[in-house]
Amino acid sequence: METSGRAKKASQLRDILLTLEGQVVTLKESMGDVKGELTIYKTALGNGGFAMTPKPNVDVPKPKEFKGSRSTYVRRGGTKIGTWEEY
Numbered sequence: 000m001e002t003s004g005r006a007k008k009a010s011q012l013r014d015i016l017l018t019l020e021g022q023v024v025t026l027k028e029s030m031g032d033v034k035g036e037l038t039i040y041k042t043a044l045g046n047g048g049f050a051m052t053p054k055p056n057v058d059v060p061k062p063k064e065f066k067g068s069r070s071t072y073v074r075r076g077g078t079k080i081g082t083w084e085e086y
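Residues 0 to 86, numbered by numbering that gives the first Met the number 0, are exactly what the sequence shown covers, in order.
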C-alpha cells in the first residue's frame with residue numbers, strides 16, 4: 000500500500016515538473032521574440048525614426064486689464080439692485 004502511494008505521488012510530481020518545463024520553454028521563446036522587437040525599436044530610435052515633432056505654439060490672446068469698478072450692484076433689465084432684500 001505504501002509503495003503504490005509513493006509511486007502515485009512521484010507520478011504526480013513528474014507530471015507537474017513536465018508541465019513547468021513546458022511553460023519555461025514557452026517563456027524562453029517569448030523572451031526571444033520580445034528581445035527581437037526591442038532591438039528593432041532601439042534601432043529605429045537611434046536612426047530618428049520615432050522622432051517626436053515639436054508641438055506648435057498657439058498664440059492665445061491675453062485678457063485686457065479691468066478698468067471698471069467692482070460693486071455689489073447688479074443690472075438686470077435696466078434696474079439696479081442694491082441689496083439681496085431688494086432682489
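Positions of the beta carbon are idealized from the N, C-alpha and C atoms, including for glycine.
DSSP state of residue i, grouped into three classes?
i	result
Val59	coil
Glu28	helix
Lys34	helix
Glu20	helix
For residue i and residue j, what's the separation of their Cα atoms in angstroms?
i	j	result
Ser10	Leu26	25 Å
Gly35	Lys54	32 Å
Asn56	Tyr40	29 Å
Met104	Glu20	Residue 104 falls outside the range modelled here, since the chain spans only 0 to 86, and no answer is possible.
Ile15	Leu37	33 Å
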